[in-house]
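Each residue of the sequence shown is one higher than the one before, starting from 8 at the first, in our numbering. Don't be surprised by glycine CBs; every beta carbon is placed ideally from N, CA and C. Quantities reported herein were computed from a predicted structural model and do not represent experimental measurements. Report on one structure; see the data block that follows.
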Amino acid sequence: TACRNADSPDEIWLLEHPPVFTQGQNGKAEHILQPGDIPIINIDRGGQVTYHGPGQLMIYSLIDIQRKKFKIRQFVDLLLQAVIDLLATYNVNAYTKSDAPGIYVDHKKICSIGLRIKKGCAYHGMAFNVAMDLEPFSRINPCGFTGLKMTQLSDYLTTSTICLEQTGRDLIPYLVKHLEYTQWLIY
């Protein structure tokens with residue numbers, strides 16, 4: 008983002024991380040309970056502590072929201088709505104909460120969001136739990152909430168497996184629609 012200029016194209020990166028706890032700018036040490044052998048990285052996104060690991064779809068949004076004429080809250084809502092719309096295709100009823108950012112299903116968090124806006128450009132993004140080991144979340148107070156239960160897409164499917172890459176490909180049209188793009192490239 009530091010190297011972006013008015014001509015830099017917007018990018019959305021979909022990827023998967025090895026096990027890591029990330030502590031956002033608002034993070035408090037007391038929310039990291041027992042990290043064990045999982046590293047803790049302090050980063051400059053909003054929010055508190057969360058876990059990233061295999062089976063979780065990371066959605067990094069490198070977007071010039073000033074150029075797109077999006078307000079910050081509007082941009083956050085558009086990102087979240089893209090995931091909610093994808094979940095609806097799996098017959099999963101997901102929703103947001105005004106007092107706790109992210110996406111929830113049955114009072115459990117399925118997708119976290121943490122962004123940073125600098126010079127009108129957004130970076131960082133969302134962590135969508137698809138099919139992962141949720142145990143590391145018990146080692147922290149996810150997003151700073153004591154006792155917050157986490158969930159994942161695979162818990163709501165009748166099929167035994169779900170492909171992280173396919174989930175990412177299925178999400179792309181919703182991101183394109185909500186972020187008002189008319190063309191895109193997939194690398």
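- Sequence-distant Cβ neighbours of C118 in its own chain, meaning closer than 6 Å and more than five residues away, are V90, G109, I110, M133, F135.
- Beta-bridge annotation (DSSP): V27 is paired with H59.
- Assignment of P108 by DSSP, reduced to helix, strand and coil, places it in the strand class.
- Residues L21, L64 of the same chain have their beta carbon placed closer than 7 Å to that of G175, with the five preceding and five following residues left out of the count.
- Put simply, of T57, P26, F77, L86 the residue whose alpha carbon is nearest the alpha carbon of Y67 is L86.
- Under the Cβ criterion (8 Å, minimum of three pairs), the stretch 183-192 does not count as touching the stretch 137-149.
- For the set I120, G53, Y58, G54, the Cα lying nearest the Cα of D84 is the one of I120.
- When secondary structure is reduced to three states using DSSP, S119 falls in the strand class.
- By the C-beta density criterion, Y130 is buried, having at least 16 other C-beta atoms within 10 angstroms.
- DSSP, read as helix, strand or coil, puts Y163 in helix.
- Shown here, H114 sits in coil according to DSSP, grouped into three states, outside any helix or strand.
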